[in-house]
Structures are given as C-alpha cells and as structure tokens.
Amino acid sequence: MKEGNLGSIRKANKYVSAQCENQAEELCQSPDESSFALLGGKIVELSEFIKDKHNVHQAIKNMVRTIRVLYNGAKEEKNASKKSSVTQATQRTDAKRQKDLSPAKGKGNKVTNIVETTAPAPIDPREAKPQKGTKEAWTKVGGRKNTAQKRRLRPELIIISKKGDMTYADILRKVKSDPELMDLGENVSRIRRSQKGDLMLELKKSPGKTAENFLGKVEKSLGEEAQVRARKQELVIECKDIDEITTKEDIRDALEKQFGPLGLQDSAIRGLRKAYGGTQTATISLPTEAAFKLLAAGKTIYEKGIEAAIISEPYRNNKSGAWTADETGKAAIWACGNQAIQEVMEFPEVGFVRAKIAGIYIYSCYAPPSATITEFEGMLGMLVSDARSRNPKIIAGDFNAWAVDWGSRTTNARGRILLEAFAELDLVLANTGNVSTFRGTGSGSIVDLTYVSTTLARRMTWFVSEHYTHSDHQAIFLQIEYGPCVDTCSREVGNRGWSVKGLEEDAFIEMLLGGQSPGGAATEKVEQMMGRITRACDAAMPRRRILAKRRSNYWWNEEIAVLRDACFRARRICQRSRARPDFDEKRLAYVNLRGKLKQAIRTSKREYFKELCTEANQSPWGTAYRIVMKKMRGRTPQLTCPHLLLDIVTALFPPDKGERKQHKRALDVYTIPAVTEEELMQICRRIGDNKAPGLDAVPNRALKLAVKTRPDWFISVFETCMIEGIFPDRWKRQKLVLLPKPNKHPGHPSSYRPICLIDTAGKMLERVIYNRLLPIIEYKDGLSERQFGFRQAHSTIDAVDAVLKLARDAMSSKKCCAVVTLDIKNAFNSASWEWIKSSLAKTGVPSYLTKLLNSYLSERTLWYDTDEGSKQYTVTAGVPQGSVLGPLLWNVMYNGVLVLPVPKEATIIGFADDLAVVVAAKEPEDVEMYANETISAIKAWLEIVQLDLAEQKTEAVLITNRRKRNTINIRVGGHVITSKPVIKYLGVMIDAKINFRGHLDYACEKAANTSVSLARMMPNIGGPRYSRRLLVAGVVRSTLLYAAPVWEEALACESNRRRVNMTYRLVALRVCSAFRTISGEAACVIAGMIPIDILASETRCLYETRKMNPLEKDAECRKAARRESLEKWQKRWDDSQRGRWTHTLIPRIEEWIQRRHGEINYHLTQFLSGHGGYRKYLHQFRLDDSPLCPECGCTPEDPEHVMFHCPRFLSERRRLEDSLKTTLSPQNIVGEMLKSEGNWCAVNTAIKRIQEELGRAERARRTRRTEGVAA
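In full-length UniProt numbering, the protein residues as written are 1 to 1271.
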C-alpha cells in the first residue's frame, strides 16, 4: 500500500479512537485480498479482450480459459480457508449434510427424478416456434419428491348449510342454547367454515361419539332453517393406463373383486377422462379405510415432476433467473419447475455450462460437428478441470462423438478423446442399450451422452423416451434416488390462512362475545386471546386453497391441446417419412395442422386478452396488468432446498459476534402510561386490510374487527406486557420471504431481499411502544438532522436535495466537490443488539421501556419453508424488517456515524443505511485526501459496531467546472474507486455538471418501457374504459415525476423538455385511444392529463411550500398549486399552433377535466382530434385519392363538415338536436355534452354512428381501388 494512503488512514484515525487505529492498521498490513482481486480483474480483462478477436490463435484462447478455471478454483479454495472460524454448531450442520447426501440402508430415501434428454429443449409450444434445420439436445431434471408422509385421519364433521333468512350467527346461538345439544358442545373441538361458506362443527375423536349420533338432534333443533349433514374423511385417488373401452361399472366391479367389498357407491367413480396413447384415467373417491387398503396394495401411480432441463442448441435463450447458458448460448440449463438454481458459473465457458440444482452439479454440454479436434480437446480439458472438485455431478449433452462403449458401431477420434478425458473423473456412463438418441432421415445414432457420479449411479434409472421433442433427438429420462431425508412435518410455515372474502362478521363477533377476558400473566393472556381469535376465524371464514400445480396460460384451452397433439404426431410422421414416396403428402398434412394450431393460438390469445382488458374496468391491477408487466420481470422459482436456504439465512442473518454487556438502567421517574381505547383505534386505522399477516395467518380485516369488538382484551394484554416488561415470544416469530433481485445470480445470498412477516397483533404492541419511545428519542435533537430515513417530514428528496445544495455551494465558490456513496453489507440484519441497547441507554429511556425493549431484542426466531418442512432459525442480531420498532431502533444506533468528528470539508448524509459523503475543497488532490480520511473514519466506526462496508459498491462523482482533471481516485479499504461521470443516489442520477441529463434519460427509458408494456392492455378499440386507463397511466406518470423537485429546473432546457414530453405523449395516446399522428398538446387535453413539465413544476412548488411552511394545511396548498398549473396549461393551450380544431371544441381546459361524467372512447377521440376516418385526414397520409366529400363535391370532408353541414347525416344531426333541444355548432357541442350525462351519451352515440358509416364508405372505396388495380 502506498505511504500516502496509509498516512490518510492514520490521520483519519485521529478522529475516532485508538481501537479504530489498531483495526485500520491491521487492514492496511494485509494487501493479499486486493492483489488477488486485481489478478482476477486482469484475467477477466484479458479474456474479454481476446474473446471476439479473430487474429488470436485458438490455442491462446484455450490457455486463457484454462487460467480462468484455475483462478476460479484457487478463489474457491481461498474462500474455503476463510471458513475455519465457523462455530461448532455450523460444523455439526455441515457434517449432517454430508451424512444426508450419502445413501443409507434401512432409511426412507427421498427420490429425485432427473429426466435427461438429448432431444431438443422442452420449449413450450405455446410460447416458442420450431425453426427449420435446428438441432437441439436437452436434459430434464425432476426435483426431489417430498417423502411420503404418514396420512393423518381427519375428524368427523357436522356440516350446516343455511336455507332461510337465519344467519350463521343465529344458528350458532340456537345450537349453543339448546339443552339437548349440551353433549355436542363438549365434543366439538373447533368450529370453522367451508370453502362454500357452510358452518362445520369438527368433532373430537371420542369412542361412541360419531357425527351420526348428533346428526338427528341438530336437524331437530334447526328444523327447516338449515340443512344438516355428516361427513367422514374421503380420499381421491387416480387410476391410470386404463384401456379406452373400460366403463365406470367395470372399474367398480374390478376393484371390489380384487380388494373385497370397499363400500363403493355409484358416484364413487367421479370421472373417466381420456389420456395419452388411447388410455383413460379414472378419478375415484373412497372412504379413508378403503383408500388406505387400496394404497397399501401398491396400485397407485404418481406423476414424476420435471424440475430442470439440460438443453443443447435451444431455439431461444431465456433471460430470467431460472436460466443459465454458456458463452455461445448453445448449451443451457433451465430450472423449469419448483427447484431454483443454487449456484452458477461466474465466467461462462464455450461448450459447457454448470449449475447446481437440488444439491447436484449439472453440466450441459454441446460440441458442434464443425468444431475441430483441437477445439473439442480444449473444451473437454476445461470441462474436466471444472468438474474435478465438484460432487455429485451429472454431465450430459450432445457431444457428436461415437464409441462402442455407448452402442455406436465404431469409435471415432472424438469418442477416444472423450473416454480418455472422463477417465480422470469418478463418473459412470448412464447410457444403456442400443436405442438411438438421434433419429434422422431413415437412420439413427447415439451421440447424446449422460455421465453421472458413482454415488448417484447406485440408484439410477435411465431410458430413452418416445415423447415428441420438436427435434430428431429423443428425450432421455433419468431417475435418481439419493439422501435419507425423512421428515413428517408440513412444508408450509404456519397456518394455511383464511379467505377473507368469505368473512361473515356476525358469526365472528358472536364467537368473540361469548368468551371471557383473558387472565394470568402476559404470555398466558396473549395465548388465550389469539386462540379465541383463531377459533373465531375458523367459524367465520373458510380456509384458503393452495394450488400446487402451475397455472396454464390464460389463452390455453382444450381445442389448442388437441390440435397440438395432432400436430406433434403429424410432424413425427413427416420426419420419419423422408426419402419415401409419400413424404410430400405427409408434409402437407403436417403443414396444414401446424397452420390450424397457429391460427387457433392467435384467435384464442386475441379473444381472451380482449376479455381480460374488459375485466380491467372492475380490476385495473388484475390479470391483464400482471400479464403485460410480466415481460419486464423474470420468473424465478421459490427456493426450497433446505441446505441452500440455511446457507442463505445464515448469511443474511449473521450471528452477533459481540459480548453481552449489562447496561445501566435509567431511573424510572415516569409512571407507565395507560393504553386508551382511542389510541387503540388510532393504531387500528393504520393497519391496511390487504397487508400480509404473519405466522398466525389472521387476516388484518378480521383482527381489526376483533379490536373493535373486544378492545378490553387488547388493552389488558398490552398493559400487562408493559408492566411485566415482557414482549411475548409468540410475537417475536417472523416468517421469511425471499424476494429475488433482478439480474442477479440465483443461489447467492446477495441475490435476495429478505422480507419478514410479523403477526399484526405484535405490530400493534410495537406501535404502543413506539408512541412512547419516539418523543424521547426525538427530544432536544436526539437524532442528527442529517439522517433523513424513517423520520416524519423527511424523505429521499430531502436527502438528495441536501447533497445537491452542498455541491452547488461548492461550485458557486469555485471549488471541487466529490459525492461518494457508501453501501453497508446486509445492514439491517447485522445491527448489533448490544450497540442498540447501549445507544438507547444514552437517550434516557425509562426503565419499563428498557426492560420491554431488552425482551423485544432477545430470543427472536425466523421460520422458512423447505422441501423438508418448516425450519426454525434463531436470530441474534439485526432489526426486524417489516416491524414498527425496527426503523426507529436502527436510527438510534446508526446516529453514531452521522456525528463522527470528520474534517470540516466533509459532510456525512444518511438515509436509512445509505451514506453519502460530500467533500468540497479547492483542489482535486485535497478532495481525495479529505474523502479518504472521512471514509476511513466511517469504516473504523462500522467495524466497532460490527457492520461491514461493501467496498466494491462504492461510487463517486467529481462535480467541478474544470476541464483538465475531472476524475479522482478514492481508496476504500482494499479497493481504489475512480470517480464516474454519473452515479445513482437514492434513485436519482447525479452527474458531474448537475444538469440531470443522465437522470432524464434514465427516467424516460424506464417510463417508455412501462408505457409500451401497458399499451397492450389499452388498445384503441375495446379494453378498459377511459377512467381505468387514466388510473393505470399513473404508473408512467409517477415514474417520470420521481424526485421532480430536485431536477425540475433541468426542464428549462428545450431538449430535455422535449425528451420528457415525447415519453409522456405515448401514454396519453393510449388513455384517449388516439392515432399516433395527433399532437402531444391535443392528446393531453383530450385525455385530461396535465403536461409533465407543468406537473413537475407543481411538484416542486408544493415541496418548497411544505419546506417553508410545514404547518400549512396540505389540502389548501394542493388546491393553490393545481390552480396555478391549470392557468399555465390554459395559457400554453391558447398560444399553441397545434390542435386548433380540438381548441375550437375544447377552449376551456378546466371545465373539461373537472367534469363529473363522460368517458372518452375511440370514436369520440377521432371527432375531437380530427384524426380519423375523414377523407381530408386520409388524403393527407395518401390513404385516399381525394380529400373532398363524395356527397358535396367541392368541400373537404373533415369533422366539422361531417358533423354540422354534410347532408348525408342530416337525419342523425336533427335527431341529436331534437334530443338536446338546441342547434349545434363547433363552439357549443362540448358545452352541451358537459351539461348532463344524458347529453354526453346522446352526442357520443351520434358520433359513433357517423364514424361507423364513414368507415364503411372508406372500406368500400378501398375495395374498388384494389379491384381497379387488379383489373
């Protein structure tokens, strides 16, 4: 390390402490990390440099690739050596994993179905089109099936369905009050609701107390008001591969003949449907005992799930997180099921790619026939080097090699090289028999190979399938059993939850009113209260259904399925009839079927999407919105591998490394304030109905109803918790949800954003604590004013504005200014509880809150779903994300970095965990020096509080007017960061000149992509109505206006304003269903959308008003700002030279956009804009041979002539004027429309009829012109 940099660090340590100085010097004396990283960077740089060079010899390229592989191996060994400090518990876990991966006798083994195919990629024919002459090889990998669990016998039920006007709450009251049903109440374990809303009484398993015993008594008590029936548990099984002539009666007779009397009724055979290959599948409903008898005989067949595909020469490459490919894109691995990719190659190679799925390293390979022997040898050498240290593994693909070992007639050079290369690895050839994997024109060969590790080969089944694969290659199925993995727990964490749509409030309230107030200690009260709320949910709501199968596309139907199967058969017949006399006939049949299939798909897509767009009137954010926005997001399967999830959870929620300290409790001079009912209701109003619940699965709507029904329960529980200083363990559980980050490698902890779901009742207690803690924390400037995150009246705009204010002040003083953004690794989940407690102790928190917060920050647990069931992880650090107290506790601890003594030329600004260091100095060298000192001080403080700085994510920009030196180099630990022209800070692009051109380009590109996607659900004809379109357009508007108070001044530049308006115009056209030739001014007026630059100015005005007068009412400010914006818009509309016909119709904008009725549509927009089926408009774009009206002869056919003067539409015009009782003109027609909804509908109907007549006339003229040209 350079002496100058070391001096900067030592100078910075003067501002912190001696402990920081020792830690910093230790970091400076270990340059191995930076040297190793520099070596890796150079290797990558060299590899990228020669990749596309045609004048570099192939041997040199292979040598560079080998170096990259060796570097990757050394890097992994170096990372592995760092794990020597792992705790004993972690080591035991690793030992257990190794044990689980080895096959064991006498234990139930979990089955993984690995389907390997050397046929082409399993591309869904509903999404991809086969290309001629394309050869593909692919391998499907099926995920591990859950271990067969012991089936639990469900209790018997009494189901009550209401008939008359009696509610379920009345039914409950009547059943409870009937003295003859007292023994029924003693035998009911719980009351819940069915999916149809029926009331279900679940009985205890008592001998002699069956549902039939109570059925008559309940029927007698309820009479004709309800229908009562008893139900025992039944199981539904499927019987497959039945011949096509078998009937339901034959199945019933055969089952009873083979297994004895099963008690089958006529309705037991629910269905008999056609299956593949002329077979049938029967669905049979049996009593539990009979079903177990059938299952014990081993006569059930289950379907093996397909989880992944190894693909060679795919038709197209997917860019989602479930797909990885080699450098050429010819070899790929696709996680197409529920199993996610756990690990991928950092640097993809040529000819092969690696991914880890379900604990197995899978290699997809493709060696093209055109590759030379030298290239083939080089590819295999790199493959062997990469696979040598990884086990267990599967290597499969199209090698285009022949050898007698796998059934070929002879062994060629490629085959010998392949056998010699794989001899170094512990692999077994899976190919068996002489079945051809490639079947061309009248011939076949075996060129698609599968090699597996010996540990996997012991329980392996391999065969070539005859399933159609869109290619001449056959599908290969590989089934492997491995790992003794027996777990009887449910995979789902927590309860299945309830369907809040079926909530019957009367029944819910009745269940709560009948109970007594909870008693005992705090923990006991919580358990009693939540247990009663859970039972009330069961009685008032049905449970949610969980669909295990993946839904098909919205346009899929039975007709397409039948056509697809027929097309597959026809193509296979056509391919196999090459060089035969009937080839042309077979090919013609296939082409016809393929055309019908394409046409059916197009028609179905069009019709179904129209229906979805129409449904957007009721739900603008429904299926249509999700479909069009799905293109902007990739699909990544949810992780379920227990070992991978444990690694991710351990990395995201690291254990606390600090020592436990006893903090001195503050003197308690306060009395514990009581929880009032008003406070409770205020907390209740802050809870959103649609927010996800925690592990208890109680819907927020039901919980709010419980608070309003029994507020005394909640007040008693919360006050007892504060008196005892206990935060209940039940409310310290959190359910983990991993959200994949876009464009990140799957399987790496940093590729996921953890979200923790906490019970809403626990959040209510947190809010009670928050209301008492916040005034103490904020008292007398307890937090730095430079912390803008998680605080009232502070936002990201404030933080960005503070940074830019410092930069502008520096530029006005002719100084250089550097803005450096720092990122903290996994900040919120790594916050030390001891440092939080220590920081709280300095703020004078009362002792009852100190005790309560100590309980809150202890014994917290995290639950997550895996293939082996729900797992529990003990959390010892971090503030719970998604909690109420978490942000406040973070600010208390993180305040220390904002008050660090740093050079006066530097300022630290924080927003949550994001830090921005602003340094202003006269010379760039001084800026570097002060920035290095400040960053070193921050890094030392972070090490003390056990937080880590993500050094490689540091970014810097030098803001200066100088032309000579406009970059600086800043040292952050072992990295040297060079300033960039533009950096991103809190979503705003900050450039070196602060002109915001980079930000406007970024925002416009993002908004344009969104606008293009939304345009699919907003066609000109059909789709959602105008008001829904306007609502959806708010997505684009909010994207463009983000942080507008900061960059609004950039719109003073004409080029910037034009760029933003062009993007905004795209969505305005979709809102008003206009042609693309209409001007932006007219489109905004018709759509009622204020121009984006005026909206930006309004946003900035509101921001500055709130900043200067924070006590002024927000509603009044908004009205004043909107009034000023409308005045600006009106003046611009009057002065504009475009859209004059629209201005004639709509001279006053305010009256138009503030109307209470009236929907804009395709036909009305044509009239209002003048851009539509008028001959003058069509002739302007050479779509008609004359602009004149065919009736009048010498008058141009424009909207004014057609609507007000043309004799063709005289009857329509008179009918409309009679309806409105006035003479219409261009100056008063819109005014008449705005008077009432009836007037609007009358004008709209007349315009639609006229436009349709014009359209018919235009199509007739076009037909005559076409026939004339043909003649």
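Just so you know, even glycine gets a beta-carbon here, dropped at the ideal spot from N, CA and C.
Quick caveat: nothing in here was measured; it's all calculated off a predicted structure.
Sufficient close CB pairs (3 or more, under 8 Å) joining the stretch 1141–1159 to the stretch 815–831: no
Length of the line joining the Cα atoms of V649 and P749: 8 Å
Assigned exposure category for Q1251 - 16 Cβ within 10 Å defines buried: Around the CB of Q1251, 16 or more other CB atoms lie within 10 Å, so the residue is classed as buried.
As assigned by DSSP and simplified to three states, the class of Q952: Q952 carries a helical assignment under DSSP once its states are collapsed to helix, strand and coil.
Contact under 9 Å by Cβ, T328 with I341: no
Identified DSSP bridge partners for A325: A332
Own chain, CB closer than 7 Å to Q1166, minus 5 neighbours either side, in chain order: Taken in chain order, the residues that qualify are G1172, G1173 and Q1251.
Bridge partner(s) assigned by DSSP for H473: Looking at the DSSP assignment, H473 forms a beta bridge with F438.
Inter-residue spacing [alpha-carbon to alpha-carbon] between F996 and W1047: 6 Å
Check whether R390 and R354 have beta carbons under 9 Å apart: Cβ distance < 9 Å, so R390 and R354 count as in contact.
Simplified DSSP assignment, three categories, for L478: Strand.
Beta strand (DSSP E) runs wholly inside the stretch 922–1009, at least 3 long, in chain order: 955–959, 969–972, 975–978, 982–985 and 988–991
Min CB distance F438 to chain C below 9 Å: The structure shown contains no chain C; it is built from a single protein chain.
Distance, P880 Cα to F36 Cα: 36 Å
Close Cβ partners of E766 (< 7 Å) along its chain, the five nearest in sequence each way excluded: When the five nearest sequence neighbours on each side are left out, the beta carbons in the same chain lying within less than 7 Å of the beta carbon of E766 are those of S883, V884 and L885, in order along the chain.
Classification of I373 by the beta-carbon crowding that lies within 10 angstroms, buried from 16 upward: Residue environment analysis places I373 among the exposed positions, since fewer than 16 neighbouring C-beta atoms fall within 10 angstroms of its C-beta.
Outcome for E1116 when other beta-carbon atoms lying within 10 angstroms are tallied against a minimum of 16: exposed
Exposure of N743, with buried meaning 16 or more beta-carbon neighbours within 10 Å: exposed
F49 classed as buried or exposed, judged by whether at least 16 other C-beta atoms fall within 10 angstroms: exposed
Where I446 sits in the DSSP three-state scheme: coil
Cβ-based neighbour list, L986, same chain, cut-off 7 Å, excluding 5 preceding and 5 following: T796, A799, V800, F911 and D914
Same chain only: Cβ atoms within 7 Å of N187, ignoring 5 sequence neighbours per side: L203, K204, S206 and K209
Nearest-angstrom Cα separation, counted from A831 out to I1160: 54 Å
Test item: CB-CB of S1011 and R1070 under 9 Å: yes
Selected residue, minimal CA-CA separation from H194, among G595, A539 and K393: According to the sequence as given, residue 194 is Ser; it is not His. With distances taken between Cα atoms, S194 lies closest to A539.
First and last residue of the uninterrupted beta strand (DSSP E) at V820: C816 to L822
Cutoff 6 Å; reference T523; Cβ partners in own chain excluding five residues on either side: P728
Alpha helix (DSSP H) segment containing V899, residue limits: Unbroken run through V899: none, as it is neither H nor E.
Straight-line gap, N400 to V384 (C-alpha atoms, nearest Å): 18 Å
For M893 and S855, believed in contact at Cβ under 8 Å, the rounded distance: S855 to M893, Cβ: 18 Å. No contact.
Classification of I836 by the beta-carbon crowding that lies within 10 angstroms, buried from 16 upward: buried
Extent of the continuous beta strand (DSSP E) run through R580: Neither: R580 is in no beta strand (DSSP E) and is coded neither H nor E.
CA nearest to the CA of P673, picked from F214, A651 and T720: T720
Whether E1104 touches P1045 by CB criterion (9 Å): Yes, these two residues count as a Cβ contact at 9 Å.
Cutoff 7 Å; reference A95; Cβ partners in own chain excluding five residues on either side: Unreliable placement is indicated for A95, whose pLDDT of 37 sits below 50; no coordinate value is reported for it.
Nonlocal neighbours in the same chain, by C-beta distance under 6 Å from G1268, ignoring five residues either side: none
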